[in-house]
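K.L.:
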Amino acid sequence: MRLSVVACLAVLCSCSSNGPEAKQARVGPLEPPGAATPIKKHPLTKYIELVGFRISESGAAKLRVKFAVVNHSDADIGDLEVKVRLTTSAAKPGQEPITEFEAKVPSLGPEEVKDVTATAPTKLRIYELPDWQFIRAEFEITSPAP
Numbered sequence: 012m013r014l015s016v017v018a019c020l021a022v023l024c025s026c027s028s029n030g031p032e033a034k035q036a037r038v039g040p041l042e043p044p045g046a047a048t049p050i051k052k053h054p055l056t057k058y059i060e061l062v063g064f065r066i067s068e069s070g071a072a073k074l075r076v077k078f079a080v081v082n083h084s085d086a087d088i089g090d091l092e093v094k095v096r097l098t099t100s101a102a103k104p105g106q107e108p109i110t111e112f113e114a115k116v117p118s119l120g121p122e123e124v125k126d127v128t129a130t131a132p133t134k135l136r137i138y139e140l141p142d143w144q145f146i147r148a149e150f151e152i153t154s155p156a157p
């Protein structure tokens, strides 16, 4: 009896094999969250950085977007208006963004950081929004004119 059990186990072990290993799709590393990318060239874009985007619900179909604006220059920069477009890290070209909004940035001193809060429209509910690490931002300085 024992011999037949051992023989069955030996047969089962020898019959089961891993077979050809499944080829795993190579997926490059996810792009880490970072600063917003400028959409259009403006003389000030090389000094301005938008970072740290946080999204919360502000009512029906509205989001409150908080972020920081950094002045990397050694000079004062007056009041700015920026147009921001938020997408996901998995967004394909031409895909509708999470939201688009305009924000006013108060004047920034040399190498100063200021927090900015804006209200933005959206079609998504708060539970449909991506976590902060999957948000990508693009911005355009709309005022002052270049």
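For the sequence shown, our numbering begins at 12 and goes up steadily by one. We put the CB at the ideal spot given by N, CA and C, even for glycine.
Ignore the nearest five residues each way along the sequence and tell me which others in Glu123's own chain have a CB closer than 7 Å to its CB.
P.N.:
Taking the first residue of the sequence shown as 1, we reach residue 123 at position 112. The answer, listed in chain order, is Asn82.
K.L.:
Taking the beta carbon of Thr133 as the centre, do at least 16 other beta carbons fall within 10 Å, making it buried, or is it exposed?
P.N.:
Taking the first residue of the sequence shown as 1, we reach residue 133 at position 122. So Thr133 counts as buried.
K.L.:
So what's Glu107 in DSSP terms, helix, strand or just coil?
P.N.:
Here residue 107 refers to the residue found at position 96 of the sequence shown. DSSP places Glu107 in coil when its eight states are reduced to three.
K.L.:
Along the chain, where does the beta strand (DSSP E) containing Lys77 start, and where does it finish?
P.N.:
Your numbering for residue 77 matches position 66 in the sequence shown. Element bounds for Lys77: Lys73 to Asn82.
K.L.:
Helix, strand or coil for Pro141 per DSSP?
P.N.:
Stepping through the sequence shown from its first residue, residue 141 is reached at position 130. Three-state result, Pro141: coil.
K.L.:
With C-beta atoms as the reference, is Glu113 less than 8 Å away from Glu139?
P.N.:
The residue given as residue 113 occupies position 102 in the sequence shown. The residue given as residue 139 occupies position 128 in the sequence shown. No.
K.L.:
Just curious, the beta strand (DSSP E) that Ser118 is in, first and last residue?
P.N.:
Reading the sequence shown from its first residue, position 107 is the one you call residue 118. Where Ser118 is concerned, there is no enclosing beta strand (DSSP E), given that its DSSP letter is neither H nor E.
K.L.:
How far does the beta strand (DSSP E) with Lys125 in it reach, from first residue to last?
P.N.:
Against the sequence shown, residue 125 aligns to sequence position 114. Unbroken beta strand (DSSP E) run through Lys125: Val124 to Pro132.
K.L.:
Since Thr98 contacts Arg147 with CB under 8 Å, what's their CB separation in whole angstroms?
P.N.:
Locating residue 98 in the sequence shown gives position 87, where the first residue counts as 1. Locating residue 147 in the sequence shown gives position 136, where the first residue counts as 1. Indeed, because the Cβ distance is near 5 Å, the residues count as touching under 8 Å.
K.L.:
Could you please give the first and the last residue of the uninterrupted beta strand (DSSP E) stretch that includes Lys52?
P.N.:
Residue numbering aside, residue 52 sits at position 41 when the sequence shown is read from its first letter. Segment: none, Lys52 is in no beta strand (DSSP E) and carries neither H nor E.
K.L.:
If you run the structure through DSSP and keep just helix, strand and coil, what is Ser100?
P.N.:
Here residue 100 refers to the residue found at position 89 when the sequence shown is read from its first residue. Coil at Ser100, not helix or strand.
K.L.:
To which residues of the same chain is Lys94 closer than 6 Å at the C-beta, ignoring the five residues directly before and after it?
P.N.:
For this step, residue 94 is matched to residue 83 along the sequence shown. Once the five neighbours on either side are set aside, the close Cβ partners of Lys94 are Glu113, Glu151 and Thr153.
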